[in-house]
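A.B. asks: Below you'll find the structure I mean.
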Amino acid sequence: MQEIIAADIGGTHARFTLARVGNGCVHQLDTPFTVAVADHETLQDAWTAFARHIGKPLPHRASIALACPARGEVLIMANNPWSLVRAELPGQLDIDPPLLLNDFEAVAHAVAGLDTDHLPPLCGPDRPLPMVGTILVIGPGTGLGTAAIVRQENGPTLICGAEGGHIGFAPCDTFEDRLLERLRAVHGRVSAERVISGPGIIPICAQISDDMGETPRSLSDKQIWTMALEGHDRIAVHGMERFCQALGSFAGDMALAHGATGLVVAGGLGKRLTSILPTSDFGARFVAKGRFESMMRRIPVRMIDHPEPGLFGAASALAVKLSQEN
Numbered sequence: 013m014q015e016i017i018a019a020d021i022g023g024t025h026a027r028f029t030l031a032r033v034g035n036g037c038v039h040q041l042d043t044p045f046t047v048a049v050a051d052h053e054t055l056q057d058a059w060t061a062f063a064r065h066i067g068k069p070l071p072h073r074a075s076i077a078l079a080c081p082a083r084g085e086v087l088i089m090a091n092n093p094w095s096l097v098r099a100e101l102p103g104q105l106d107i108d109p110p111l112l113l114n115d116f117e118a119v120a121h122a123v124a125g126l127d128t129d130h131l132p133p134l135c136g137p138d139r140p141l142p143m144v145g146t147i148l149v150i151g152p153g154t155g156l157g158t159a160a161i162v163r164q165e166n167g168p169t170l171i172c173g174a175e176g177g178h179i180g181f182a183p184c185d186t187f188e189d190r191l192l193e194r195l196r197a198v199h200g201r202v203s204a205e206r207v208i209s210g211p212g213i214i215p216i217c218a219q220i221s222d223d224m225g226e227t228p229r230s231l232s233d234k235q236i237w238t239m240a241l242e243g244h245d246r247i248a249v250h251g252m253e254r255f256c257q258a259l260g261s262f263a264g265d266m267a268l269a270h271g272a273t274g275l276v277v278a279g280g281l282g283k284r285l286t287s288i289l290p291t292s293d294f295g296a297r298f299v300a301k302g303r304f305e306s307m308m309r310r311i312p313v314r315m316i317d318h319p320e321p322g323l324f325g326a327a328s329a330l331a332v333k334l335s336q337e338n
């Protein structure tokens with residue numbers, strides 16, 4: 013058994029924990045230590061705060077999940093003022109060269125390492141995710157993350173990060189046609205995450221208001237989501253229904269594009285919508301792929317139910333790497 017550091021660095025919060033790993037698995041994840049990014053000028057400052065909180069020397073092996081592509085020498089965070097120089101991290105943090113990975117790639121590692129109890133069914137056949145084939149992980153939150161788990165019959169499991177949320181938004185009905193026109197007038201090219209993300213609820217509800225002959229309200233996405241989940245506002249609730257439909261269409265398109273044999277919905281919004289998605293039109297939109305509808309109905313679709321999938325996934329990724337080194 014070996015103790016390691018796992019970190020999950022997002023746009024708003026940075027989370028740290030100690031984990032015990034062995035034989036390619038995570039055996040224990042300590043209670044996370046969370047700080048606001050805005051309260052610390054650099055990752056090094058936040059790391060020092062974590063060290064003070066632990067009150068003992070930290071392990072030298074670390075895995076860090078980042079809300080940005082984890083490629084290149086200089087890593088620029090999305091929605092976060094921190095920037096990281098890969099070669100400088102060991103000296104700054106007093107660790108061995110860390111494992112760096114995209115935050116949603118870390119979530120895919122979590123899915124690959126969790127049992128069925130942490131992956132409740134959303135739609136499709138109620139069976140475990142297949143042990144061979146491609147499993148997609150899709151997560152709406154501040155943006156729209158995607159990753160793939162490729163399970164081989166006679167080979168290692170591969171985790172592939174991607175930027176699927178930035179493909180073009182594909183409308184499926186006249187409402188979404190109008191929504192696309194609204195967004196195109198502002199952004200030019202419209203990516204899927206302009207609609208299928210936390211902030212995407214704002215233009216969705218603005219279009220609903222226009223269609224109803226009402227003036228769109230000046231509300232934040234957090235305010236709208238709160239009203240939608242509480243069921244207190246008809247436009248917000250309708251917007252949430254439209255969001256679930258768009259997410260289902262996107263998930264089905266991605267499953268087709270990758271030849272997926274399973275799919276998992278994760279992300280901050282996926283977690284908040286745990287009780288909503290199974291009874292929404294997500295499932296109907298997921299399978300509505302014309303001649304391939306019968307094939308789509310055979311794909312098990314699940315959600316992730318874990319309090320810290322980013323930290324667990326970061327620790328799991330390093331656990332696998334360490335087992336391969338030994």
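Residue numbers for the sequence shown follow our numbering, beginning at 13 and rising by one.
We treat Cβ as the ideally placed atom computed from N, Cα and C, and that holds for glycine.
Count the other CB atoms within 10 Å of the CB of ASP20; is the residue buried (16 or more) or exposed (fewer)?
C.D. replies: If you number the sequence shown from 1, residue 20 lands on position 8. Its Cβ being crowded by 16 or more others within 10 Å, ASP20 is buried.
A.B. asks: Using the C-alpha atoms, what's the distance from ARG303 back to LEU289?
C.D. replies: One-based indexing of the sequence shown puts residue 289 at position 277. One-based indexing of the sequence shown puts residue 303 at position 291. Spanning the two alpha carbons is a distance of roughly 24 angstroms.
A.B. asks: Below 6 angstroms CB to CB, which residues in the same chain sit around GLY260 once its five sequence neighbours on both sides are set aside?
C.D. replies: For the purposes of this step, residue 260 is taken as residue 248 along the sequence shown, with counting starting at 1. PHE294, ARG297, PHE298, listed in sequence order.
A.B. asks: Find the nearest neighbour of GLY167 within the set LEU268, ARG310, GLY145, judged by alpha-carbon distance.
C.D. replies: Locating residue 167 in the sequence shown gives position 155, where the first residue counts as 1. The option with the nearest alpha carbon to GLY167 is GLY145.
A.B. asks: Name the two residues that bound the continuous beta strand (DSSP E) containing GLN235.
C.D. replies: Residue numbering aside, residue 235 sits at position 223 when the sequence shown is read from its first letter. Per DSSP, GLN235 belongs to no beta strand (DSSP E); it is in the alpha helix (DSSP H), 233 to 242.
A.B. asks: Measuring CA to CA, which of GLU117, GLY212, HIS130, GLY153 is closest to GLY23?
C.D. replies: The count along the sequence shown starts at 1 and reaches residue 23 at position 11. Comparing Cα-Cα distances from GLY23 to each of GLU117, GLY212, HIS130, GLY153, the minimum goes to GLY153.
A.B. asks: So for GLN164, helix, strand or coil by DSSP?
C.D. replies: Position 152 of the sequence shown holds residue 164. Coil at GLN164, not helix or strand.
A.B. asks: Nearest-angstrom Cα distance between ALA63 and THR29?
C.D. replies: Sequence index remark: in the sequence shown, residue 63 carries index 51 (1-based). Sequence index remark: in the sequence shown, residue 29 carries index 17 (1-based). Straight-line Cα distance between these residues: approximately 10 angstroms.
A.B. asks: Taking DSSP as the reference, what is the three-state secondary structure of LEU105?
C.D. replies: On the sequence shown, residue 105 is found 93 positions in, with the first residue counted as 1. Note: LEU105 maps to helix in three-state DSSP.
A.B. asks: What is the rounded straight-line gap between the Cα of GLU320 and the Cα of ALA160?
C.D. replies: Here residue 320 refers to the residue found at position 308 when the sequence shown is read from its first residue. Here residue 160 refers to the residue found at position 148 when the sequence shown is read from its first residue. Their Cα atoms are separated by approximately 19 angstroms.
A.B. asks: Quick one, are the C-beta atoms of VAL49 and ASN92 less than 8 angstroms apart?
C.D. replies: The residue labelled residue 49 in the question sits at position 37 within the sequence shown. The residue labelled residue 92 in the question sits at position 80 within the sequence shown. Going by C-beta atoms, VAL49 is nearer than 8 angstroms to ASN92.
A.B. asks: Assign ILE236 to buried or exposed, taking buried as 16 or more other Cβ atoms, counted over all protein chains shown, within 10 Å of its Cβ.
C.D. replies: Within the sequence shown, the letter at position 224 stands for residue 236. When all chains shown are included, ILE236 counts as buried.
A.B. asks: Using only the alpha-carbon positions, how far apart do PRO312 and ARG163 sit?
C.D. replies: In the sequence shown, residue 312 corresponds to position 300, counting from 1. In the sequence shown, residue 163 corresponds to position 151, counting from 1. The straight-line gap from Cα to Cα measures roughly 15 angstroms.
A.B. asks: If you count every other CB in all the chains shown that lies within 10 Å of the CB of VAL123, and 16 or more means buried, which is it?
C.D. replies: Translated into positions along the sequence shown, residue 123 becomes position 111. Flag for VAL123 reads buried.
A.B. asks: Please go through the region 279 to 307 and give each complete alpha helix (DSSP H) segment of 4 or more residues, from N-terminal end onward.
C.D. replies: With a minimum length of 4 residues, the continuous alpha helix (DSSP H) runs that stay inside the region 279 to 307 are 279 to 284, 294 to 299.
A.B. asks: Could you spell out where the alpha helix (DSSP H) holding THR186 opens and where it closes?
C.D. replies: Position 174 of the sequence shown, counted from the first residue, corresponds to residue 186. Note, THR186: alpha helix (DSSP H), 186 to 199.
A.B. asks: Considering only their Cβ atoms, is the gap separating ILE150 from ALA74 smaller than 8 angstroms?
C.D. replies: Start at 1 with the first residue of the sequence shown, and residue 74 comes out as number 62. Start at 1 with the first residue of the sequence shown, and residue 150 comes out as number 138. Not in contact: ALA74 and ILE150 (Cβ atoms no closer than 8 angstroms).
A.B. asks: Here's the rule I'm using: 16 or more other beta-carbon atoms within 10 Å means buried, otherwise exposed. How should GLU193 be labelled?
C.D. replies: Translated into the one-based positions of the sequence shown, residue 193 becomes position 181. Classification for GLU193: exposed.
A.B. asks: Just to confirm, are GLY226 and ILE171 a CB contact at a threshold of 8 angstroms?
C.D. replies: On the sequence shown, residue 226 is found 214 positions in, with the first residue counted as 1. On the sequence shown, residue 171 is found 159 positions in, with the first residue counted as 1. Residue 226 is actually Glu in this sequence, not Gly. Result no, Cβ atoms of GLU226 and ILE171 do not sit closer than 8 angstroms.
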